[in-house]
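What follows is a single structure, written as structure tokens, with notes after it.
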Amino acid sequence: MSFSAQDEIYMRQALQLAREGTALASPNPRVGAVVVSSAGEVAGTGFHTYEGMKHGEILAMEQAGDRARGGTLYLNLEPCAHQGRTGPCADAVIAAGIRRVVAAMTDPNPLVAVKGVERMRAAGVAVEVGLMEAEARKINEAFAKYITTKRPLVTLKSAMTLDGKIAPPPGDSHGPTALGVRGATGGWITSVEARAHVQELRHESDAIMVGVGTVVADDPLLTDRTGLRRRRPLLRVILDSRLRLPLDSRLVKTAKNDVLVFCSFAEEKKKRELESRGIQVQQVGLGSSDGRPDLGRIVSSLGELEITSLLIEGGALVNWAALATGIVDKVFLYYAPKILAGTGSVSFAAGAGFRKMSEAALVKDFVLHRFGEDFAVEGYIHDPYAPSQGGH
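In our numbering, the protein residues as written are 31 to 422.
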């Protein structure tokens, strides 16, 4: 199937509109749409937000009005054919008199995939699928993982030196280290550009998770500091097996029902104190790694809260536990052109390690990014569109 240069221009616009739904559409997919009239002019555009209810293609067709008849609809995801919070979009496309639909990809939900395409084709609409599919799949990879497993896409993020160190020896540090961002003199490991991109990752995520050791050592806020609008506050998740979270920490002081602590041993008095400050406390059983809460159960619990994407910004122990239990789908690893060396320096992941090279977590489909003087590796351990291949 071949697409014209004009098709690519309008699909690129639809993809950009879909990105406008970042942090506004979850737990629904991000969808952008463009209606081009039979005269070849853009007649309507739209993108979906959860609170706005209407899907992107409905907004675009409403804006186009009568000019939609005989026109072409471009969108990054096939129109739905089922009744949800709104009616089937495929039926609306047919009713609007759209002559041609160009969709980047079919719906990743196996229960509804292709049904919208089939319904429109049965009504005489020309439907073509696959233009810029790779970009479209990237936009909705978290939704794909969530809709097929009811668990969030888990991304492990870390910043380190070329030799894989996220911090100098503990006694040498004069600033936050557990997140792998500062060096021995309080200087940052990574560049301003890399740190700005981390905020973009936070904005794209529904939740962020660290261990209580990071909170004790660094007293972070763990907030989305992009300044961009989001429908739900970034859920701040803490792994805290024995409820050591300090009551005077900035997390506790700023909690507004957006901090969730997972523990294994809940001392009732401390639990009540935290809950009285607007912090949610959930007790889960022990996992297999060093007496920490069961990470698999935690990921499932976050899915039950309609969290579609989780960003892990832990220290060395949390990084290893996440990899060892198989919950990590994706990595985003930043590297600064520095070598820290030293046996006392903190490595990216501290734990028993995989026993054989054949057991090592294999990062596939990776790409390299450049941020100032730094670079980053983005890749996948589990394909979010084929979750059955994953280890969880």
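The C-beta atom is built at its ideal place from N, Cα and C for all residues, glycine as well.
Since we're looking at a predicted model, the values are computed, not measured.
Check your understanding: Between Gln-312 and the rest of its own chain, which residues show a CB-CB distance below 6 Å, the 5 nearest in sequence each way excluded?
Key -> Taking the first residue of the sequence shown as position 1, residue 312 is located at position 282. For Gln-312, where only same-chain residues beyond five positions count, the Cβ hits under 6 Å are Phe-292.
Review point. Quick one: what's got a C-beta closer than 7 Å to Arg-232's C-beta in the same chain, skipping five residues either side?
Key: As a first step, residue 232 must be located in the sequence shown, where it is residue number 202. The answer, listed in chain order, is Ile-238, Asp-254, Leu-264 and Leu-341.
Check your understanding: To which residues of the same chain is Arg-149 closer than 6 Å at the C-beta, ignoring the five residues directly before and after it?
Key -> Looking up residue 149 in the sequence shown gives position 119. If we look at Arg-149 and ignore the five residues flanking it on each side, its Cβ neighbours are Ala-111 and Ala-120.
Check your understanding: Which same chain residues, not among the five before or five after Pro-182, have their C-beta less than 8 Å away from its C-beta?
Key -> Position 152 of the sequence shown, counted from the start, is the residue given in the question as residue 182. Closer than 8 Å at the Cβ level, and outside the excluded window around Pro-182, lie Ala-172, Lys-175, Tyr-176, Asp-236, Ala-237, Val-329, Leu-332, Gly-333, Ile-337, Thr-338, Ser-339 and Leu-340.
Exercise for review: Measure from the alpha carbon of Asp-278 to the alpha carbon of each residue in Glu-298, Pro-414, Ala-247 and Ala-122, then state which is nearest.
Suggested key: To locate residue 278, count along the sequence shown from 1; it is residue 248. Selected option, being the one with the closest Cα: Ala-247.
**Study point:** Residues near Gly-210 by beta carbon distance below 6 Å, same chain, minus five either side
**Key:** Taking the first residue of the sequence shown as 1, we reach residue 210 at position 180. Confidence is the limiting factor: at Gly-210 the pLDDT is only 40, short of 50, which leaves the residue's position unreliable and the question unanswerable from this model.
**Study point:** beta strand (DSSP E) segment containing Gly-86, residue limits
**Key:** Counting from one through the sequence shown, the residue named residue 86 turns up at place 56. Not the beta strand (DSSP E): Gly-86 falls in the alpha helix (DSSP H), residues 86 to 94.
**Study point:** Distance CB(Val-61)-CB(Tyr-104) smaller than 8 Å
**Key:** Numbered from its first residue, the sequence shown carries residue 61 at position 31. Numbered from its first residue, the sequence shown carries residue 104 at position 74. Going by C-beta atoms, Val-61 is not nearer than 8 Å to Tyr-104.
**Study point:** Nearest-angstrom Cβ-Cβ length linking Arg-225 and Leu-251, presumed shorter than 8 Å
**Key:** Taking the sequence shown and counting its residues from 1, the one referred to as residue 225 is at position 195. Taking the sequence shown and counting its residues from 1, the one referred to as residue 251 is at position 221. Incorrect: roughly 14 Å between the Cβ atoms, too far for contact.
Point to revise | Member of Glu-305, Glu-81 and Ser-294 whose CA lies at the smallest distance from the CA of Phe-315 | key: For the purposes of this step, residue 315 is identified with residue 285 of the sequence shown, where counting begins at 1. Note on residue identity: the sequence assigns Gly, not Phe, to residue 315. Ranking the options by Cα distance to Gly-315, first place goes to Ser-294.
Check your understanding: Any idea which residues DSSP pairs Ser-279 with across the strands?
Key -> Taking the sequence shown and counting its residues from 1, the one referred to as residue 279 is at position 249. DSSP lists no partner for Ser-279.
Review point. Nearest CA to the CA of Ala-55: which residue from Arg-130, Met-83 and Arg-42?
Key: Position 25 of the sequence shown, counted from the first residue, corresponds to residue 55. Out of Arg-130, Met-83 and Arg-42, Met-83 has the C-alpha closest to the C-alpha of Ala-55.
Review point. What is the rounded straight-line gap between the Cα of Phe-401 and the Cα of Ile-169?
Key: Against the sequence shown, residue 401 aligns to sequence position 371. Against the sequence shown, residue 169 aligns to sequence position 139. Answer to the nearest angstrom: the Cα atoms are 21 Å apart.
Check your understanding: So, is Phe-396 buried or exposed, given that buried needs 16 or more other C-beta atoms within 10 angstroms?
Key -> Mapped onto the sequence shown, residue 396 falls at position 366. Answer is exposed; the Cβ neighbour count stays below 16.
Point to revise | Whole-angstrom C-beta distance between Val-361 and Val-407, which should lie under 8 Å | key: To locate residue 407, count along the sequence shown from 1; it is residue 377. To locate residue 361, count along the sequence shown from 1; it is residue 331. Right, the Cβ-Cβ distance comes to about 7 Å (below 8 Å), so this counts as a contact.
Check your understanding: Which whole-angstrom value is the C-beta distance of Ala-391 and Trp-350, which I expect to be below 8 Å?
Key -> Translated into the one-based positions of the sequence shown, residue 391 becomes position 361. Translated into the one-based positions of the sequence shown, residue 350 becomes position 320. Wrong, their Cβ atoms sit about 11 Å apart, outside the cutoff.
Point to revise | Simplified DSSP state of Ser-188, which is helix, strand or coil | key: Numbered from 1 along the sequence shown, position 158 holds the residue referred to as residue 188. In this structure, DSSP gives Ser-188 an extended state, which the three-state scheme calls strand.
Practice item. Flag this pair as yes or no: are the beta carbons of Gly-117 and Gln-93 separated by less than 8 Å? Key: Locating residue 117 in the sequence shown gives position 87, counting from the first residue. Locating residue 93 in the sequence shown gives position 63, counting from the first residue. Taking 8 Å as the Cβ cut-off, Gly-117 and Gln-93 do not qualify as a contacting pair.
Review point. Hey, would you say Leu-258 sits closer than 8 Å to Glu-297, going by beta carbons?
Key: The count along the sequence shown starts at 1 and reaches residue 258 at position 228. The count along the sequence shown starts at 1 and reaches residue 297 at position 267. It is not a contact, given that the beta carbons lie outside the stated cut-off.
Check your understanding: If you count every other CB in all the chains shown that lies within 10 Å of the CB of Leu-89, and 16 or more means buried, which is it?
Key -> Position 59 of the sequence shown, counted from the start, is the residue given in the question as residue 89. Burial call: buried.
**Study point:** CB contact flag (Val-132, Val-147, <8 Å)
**Key:** For the purposes of this step, residue 132 is taken as residue 102 along the sequence shown, with counting starting at 1. For the purposes of this step, residue 147 is taken as residue 117 along the sequence shown, with counting starting at 1. Result no, Cβ atoms of Val-132 and Val-147 do not sit closer than 8 Å.
**Study point:** Start-to-end residues for the alpha helix (DSSP H) that takes in Ala-48
**Key:** Here residue 48 refers to the residue found at position 18 when the sequence shown is read from its first residue. It spans 35 to 49 - the alpha helix (DSSP H) in which Ala-48 sits, taken as one unbroken run.
**Study point:** Selected residue, minimal CA-CA separation from Val-267, among Val-245, Thr-256, Arg-261 and Arg-260
**Key:** In the sequence shown, the residue the question calls residue 267 occupies position 237. Selected option, being the one with the closest Cα: Val-245.
**Study point:** Assumed close pair Ala-435, Leu-45 - CB separation to whole angstroms, cut-off 8 Å
**Key:** Nothing can be reported for residue 435, as the shown portion of the chain is limited to 31 through 422.
**Study point:** Whole-angstrom distance between Pro-414 and Val-66, CA atom to CA atom
**Key:** Residue mapping note: residue 66 aligns to position 36 of the sequence shown, counting from 1. Residue mapping note: residue 414 aligns to position 384 of the sequence shown, counting from 1. Roughly 32 Å separates the two Cα atoms.
Check your understanding: How many angstroms separate the CA atom of Thr-179 from the CA atom of Asn-58?
Key -> Position 149 of the sequence shown, counting from 1, holds the residue named residue 179. Position 28 of the sequence shown, counting from 1, holds the residue named residue 58. Approximately 14 Å, taken between the alpha carbons.
Practice item. Return the bridge partner residues of Val-131 from the DSSP annotation. Key: Stepping through the sequence shown from its first residue, residue 131 is reached at position 101. Val-131 pairs with Leu-103 and Val-157.
Practice item. Report the option in Val-155, Arg-260, Leu-161 and Ala-371 whose CA atom is closest to the CA atom of Leu-107. Key: Position 77 of the sequence shown holds residue 107. The candidate whose alpha carbon is nearest that of Leu-107 is Leu-161.
**Study point:** Span of the alpha helix (DSSP H) around Lys-368
**Key:** Within the sequence shown, numbered from 1, the residue matching residue 368 stands at position 338. For Lys-368, there is no enclosing alpha helix (DSSP H), as DSSP gives it neither H nor E.
Review point. Roughly how many angstroms separate the alpha carbons of Gly-383 and Ile-219, rounded to a whole number?
Key: As a working mapping, residue 383 is identified with position 353 in the sequence shown. As a working mapping, residue 219 is identified with position 189 in the sequence shown. Cα to Cα, the separation comes out at about 24 Å.
Point to revise | Per-residue DSSP class, three states only, for Lys-394 | key: Translated into positions along the sequence shown, residue 394 becomes position 364. Here Lys-394 sits in strand by DSSP.
Exercise for review: Return yes when at least one heavy atom of the ligand MN lies under 7 Å from the C-beta of Lys-300, else no.
Suggested key: For the structure depicted, the ligand MN is absent and the ligand set is empty, with no information on it obtainable.
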